[in-house]
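S.K.: Sharing a structure with you now.
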Amino acid sequence: MCGGFSGVVLEVNTSIVYVSLGSNICDWGSVYLDEYGEEDLELKRGKPLFLNAERFALLENQWITHSFRHVLKNWRSV
Numbered sequence: 005m006c007g008g009f010s011g012v013v014l015e016v017n018t019s020i021v022y023v024s025l026g027s028n029i030c031d032w033g034s035v036y037l038d039e040y041g042e043e044d045l046e047l048k049r050g051k052p053l054f055l056n057a058e059r060f061a062l063l064e065n066q067w068i069t070h071s072f073r074h075v076l077k078n079w080r081s082v
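My numbering runs 4 ahead of the 1-based position in the sequence shown.
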């Protein structure tokens, strides 16, 4: 997306990654998973989470290739 604002933010209180493109935002999911490979969005279970290299690589690839708009579906205006 040339000339437009885009960003990726990790909300540390919930472990949710948000992607913003212009005036739109979308939940991406989390790059932190528990020992069973499951997300704990909102950190409700209180179990340790670990950075998942595969998820991080996927997020990084989507960022580098500018493919967020094509792979994420639940965009909302802010």
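Each residue gets a CB set at the ideal place from its N, CA and C atoms; glycine is no exception.
Which stretch, first to last residue, makes up the alpha helix (DSSP H) that contains H58?
M.R.: Stepping through the sequence shown from its first residue, residue 58 is reached at position 54. Correcting the residue type first, residue 58 is Glu in the shown sequence and not His. Start and end: A57 to I68.
S.K.: Measure the C-alpha to C-alpha separation of C6 and G26 and round it to an integer number of angstroms.
M.R.: Taking the sequence shown and counting its residues from 1, one reaches residue 6 at position 2. Taking the sequence shown and counting its residues from 1, one reaches residue 26 at position 22. Here C6 scores only 49 on pLDDT, less than 50, and its place in the model should not be relied on; the value that follows carries that caveat. Their backbone Cα atoms lie some 11 Å apart in a straight line.
S.K.: Whose C-beta lies closer than 8 Å to the C-beta of D38 among residues of the same chain, with five residues either side of it excluded?
M.R.: In the sequence shown, residue 38 corresponds to position 34, counting from 1. Only D44, R49, K51, P52, L53 and F54 meet the Cβ criterion.
S.K.: Anyone know if the C-beta pair for V82 and I29 falls short of 8 Å?
M.R.: On the sequence shown, residue 82 is found 78 positions in, with the first residue counted as 1. On the sequence shown, residue 29 is found 25 positions in, with the first residue counted as 1. Result yes, Cβ atoms of V82 and I29 sit closer than 8 Å.
S.K.: Judging by CA-CA distance, which residue of Y36, F72 and D31 is the nearest neighbour of F60?
M.R.: To locate residue 60, count along the sequence shown from 1; it is residue 56. It is Y36.
S.K.: Just confirm the distance between the C-beta atoms of V23 and F72, as a whole number of angstroms; I'd bet it's less than 8 Å.
M.R.: Indexing the sequence shown from 1 puts residue 23 at position 19. Indexing the sequence shown from 1 puts residue 72 at position 68. Confirmed, Cβ separation roughly 5 Å.
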